[in-house]
Structures are given as C-alpha cells and as structure tokens.
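A.B. asks:
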Amino acid sequence: MFVDFLQTAGKDDIKKGLELRFYQRIFIRVAMRYRYVYAVYPRGYSKSFLAVLVLILRAILYPGAKLFTAAGGK
Numbered sequence: 001m002f003v004d005f006l007q008t009a010g011k012d013d014i015k016k017g018l019e020l021r022f023y024q025r026i027f028i029r030v031a032m033r034y035r036y037v038y039a040v041y042p043r044g045y046s047k048s049f050l051a052v053l054v055l056i057l058r059a060i061l062y063p064g065a066k067l068f069t070a071a072g073g074k
C-alpha cells in the first residue's frame with residue numbers, strides 16, 4: 001500500500017505507473033518483515049527490481065539504516 005501511495009500521493013485520479021502483481025506484493029511483505037530472506041524464483045519474476053525496491057522502502061522507513069546488496073555472479 002505504501003508503494004501505491006508513493007506513486008499517487010494519495011490521490012485516486014492519478015494513474016499508477018507501476019502495477020505490482022499479487023505474488024510480488026507477497027515477496028515485498030516477506031522481505032520487509034524478516035531480516036534474512038532466501039528465495040529461488042524463475043526468470044521474469046523481477047527479482048532484482050523487487051530487491052532494490054525493498055532496499056528503497058527500508059531506506060525511507062528506517063532513516064540511518066545501513067543497507068547493501070550483493071550479487072553472486074559478475
């Protein structure tokens with residue numbers, strides 16, 4: 001709901017540019033709730049986008065947090 005609010009600033013007449021699917025919302029909720037999350041998902045699940053979105057949301061909601069991301073490959 002917070003992502004929807006950020007897109008529209010609470011106004012219903014503004015069209016949202018990002019439409020999250022149900023399973024993506026579930027992933028965001030789980031990633032925000034737990035400190036460590038390990039998940040294996042197929043191609044096209046938008047894993048990287050959701051991981052960055054979770055980091056952005058944590059940076060907004062928890063000022064002063066020290067956040068980072070790491071990649072397993074190149």
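Everything in the sequence shown is counted per this note's numbering, starting at 1 for the first residue and increasing by one.
Think of the CB as a built atom: it goes at the ideal place given N, C-alpha and C, for glycine as much as any other residue.
Where does T67 land, buried or exposed, given buried means 16+ other C-beta within 10 angstroms?
C.D. replies: The question names Thr, but residue 67 is Leu in the sequence shown. With fewer than 16 other Cβ atoms within 10 Å, it is exposed.
A.B. asks: For M1, which of helix, strand or coil comes out of DSSP?
C.D. replies: Of the three classes helix, strand and coil, the one that applies to M1 here is coil, per DSSP.
A.B. asks: With distances taken from CA atoms, which of R35, Y36, G72, L50 is nearest F22?
C.D. replies: Ranking the options by Cα distance to F22, first place goes to L50.
A.B. asks: Closer than 6 Å by C-beta to D12: which residues in its own chain qualify, once you throw out the five before and the five after it? Chain order, please.
C.D. replies: Closer than 6 Å at Cβ, skipping near neighbours: no residue.
A.B. asks: Apart from the five residues on each side of it in sequence, which residues of its chain come closer than 6 Å, Cβ to Cβ, to I56?
C.D. replies: Cβ within range, chain order: n/a, list empty.
A.B. asks: Looking only at C-alpha atoms, which of M1, A31, I60 sits nearest to S48?
C.D. replies: The shortest Cα separation from S48 among M1, A31, I60 belongs to A31.
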